[in-house]
Every structure is written in C-alpha cells, then in structure tokens.
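In my numbering, the protein residues as written are 3 to 158. C-beta atoms are modelled at their ideal positions from N, C-alpha and C, and glycine is treated no differently. What you are looking at is a predicted structure, and each value in this text was computed from that prediction instead of being measured. Heads up, the thing below is written out as structure tokens.
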Amino acid sequence: MKVYILFSFLLLAVICSSSVDAQAKFGRLCSSHSRNIIRGCDRHGCGHYGAKRGKGKHMGLDIACADGDTVYAPFDVKLNGRSRPYGNNNAIDNGINLSGKGLCFKLFYVQPDRTTGTVKKGQRIGRMLPMQRVYRGITSHVHVQMCNRSNPTKYF
Ligand SMILES: [Zn+2]
3 MKVYILFSFL
13 LLAVICSSSV
23 DAQAKFGRLC
33 SSHSRNIIRG
43 CDRHGCGHYG
53 AKRGKGKHMG
63 LDIACADGDT
73 VYAPFDVKLN
83 GRSRPYGNNN
93 AIDNGINLSG
103 KGLCFKLFYV
113 QPDRTTGTVK
123 KGQRIGRMLP
133 MQRVYRGITS
143 HVHVQMCNRS
153 NPTKYF
C-alpha cells in the first residue's frame, strides 16, 4: 500500500512537471510590428483559428508580418527541423518546427536561418517569405500552428 501511494505521488510529480506552461505567451514575432497582431479578414480569408479555408478549416493563427521581415523567437526555443506548409516548393513553402515553454508548434512562411539548436527570446530565427508573390493583396503573415493542431489563440 505504501509503495502504491509513493508511486502515485511520483506519477503526479511527473505529470505536473511535463505539463504546458499555462502562462505561456508568445513574444513579438515580426520586426515590422512591435507586438503581435492577429490577421483580420482580407480577400483571401481570415486569420483566426477555425476560419474557413475552402472546404476545410484554418488550423492555426495568422500573425501579421511584412514580406522580408525579421522573425524573432517568441520565447526561448529549441529548433526541431524544417516544416513545409504545402510541399509544392513555391515562394513561401518553408517553415520551422519549434518547442519551448512546454509547447510544440510550427511557424510557416518563414525562411529559417538554422533548423537545429536553440534560440533565445527575441533573437532572429529567420525571415518572412514573399507572400505577396503568391497571394497578392493578402495581409502578409506568419502562420502559427500547434503540433497537435489545437487552438493557439490563448498564448497570444
Ligand atoms: Zn494561417
């Protein structure tokens, strides 16, 4: 019985230490805006999570950015390799997998400087790709998507 209780506490400790940081907030992502601004609606669609995308749904959150912007680490992050949004090699088909603050997420439409290692909050992780070349008139943006496709809005 004592062993069982001890084991239960141990399990609880493990669960707590691996849980997501409820206070996790994304710091500034793009050099042309001093704070993160969620893309509203434009002729190509809306930037919020769950917005309509053809027959499907937008499974991320779009943060307004300008083409060519420097993109910063939103907090201390680990770089977990490249992530391509479309796989069609167009001008914006690039991105990166990241983790930090207990969160696993992707940033799309970014040319990463590196795809391994760690980057401190506010340091450059890459450059916003030329979105206007692909979607003329869109609010250029970086797409933030959680690895489990959950809603990232509470972290902004
Ligand atoms: Zn998006």
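Closest residue to residue i among the options (Cα-Cα distance)
i: Tyr74; options: Thr155, Thr118, Gln134, Gly124; result: Gly124
i: Cys1; options: Thr141, Ser85, Asp95; result: This structure gives no information on residue 1, because the portion of the chain shown stretches from 3 to 158.
i: Val121; options: Ser101, Tyr51, Val112; result: Ser101
i: Val79; options: Gly56, Lys108, Asn96, Met61; result: Lys108
i: Asp154; options: Arg45, Ser36, Gly52; result: Inspection of the sequence shows that residue 154 is occupied by Pro rather than by Asp. Comparing Cα-Cα distances from Pro154 to each of Arg45, Ser36, Gly52, the minimum goes to Gly52.
i: Lys27; options: Asn92, Pro76, Ile98, Tyr88; result: Pro76
i: Asn38; options: Lys59, Asp64, Gly58; result: Asp64
i: Cys106; options: Gly128, Phe158, Asn150; result: Asn150
Supposed contact pair residue j and residue i - C-beta distance, whole angstroms, cut 8 Å
i: Cys48; j: Val144; result: Between Val144 and Cys48 the Cβ distance is about 16 Å, and since that is not below 8 Å, they are no contact.
i: Phe110; j: Gln147; result: 7 Å
i: Ala66; j: Arg41; result: 5 Å
i: Pro132; j: Asp69; result: 5 Å
i: Arg86; j: Asp95; result: 5 Å
First through last residue of the beta strand (DSSP E) which encompasses residue i
i: Arg151; result: No beta strand (DSSP E) contains Arg151, which DSSP labels as neither H nor E.
i: Ser101; result: 97-102
i: Asp64; result: 63-66
i: Gln134; result: Premise fails: Gln134 is in no beta strand (DSSP E) and is neither H nor E.
i: Asn82; result: 79-84
i: Thr141; result: First-last for Thr141: undefined, no H or E at that position.
i: Pro87; result: Looking at the DSSP string, Pro87 is not in any beta strand (DSSP E), and its letter there is neither H nor E.
i: Gln113; result: 112-114
i: Thr118; result: 118-121
Bridge partners - residue i, DSSP secondary structure assignment
i: Val73; result: Cys32, Gly128
i: His46; result: Note: His46 sits in no beta bridge, so no partner.
i: Gly58; result: Arg55
i: Ile40; result: Ile65
i: Phe1; result: The first residue shown for the chain is 3 and the last is 158, placing residue 1 beyond what the model contains.
i: Lys108; result: Asn99, Gln147
Cβ-heavy atom distance, residue i to ligand 3, below 7 Å
i: Gly97; result: Absent from the structure shown: ligand 3. Ligands present: ligand 1.
Checklist entry - Can you list, in chain order, every residue whose CB sits closer than 6 Å to a heavy atom of ligand 1? => result This selection yields His60, Gly62, Asp64, His145.
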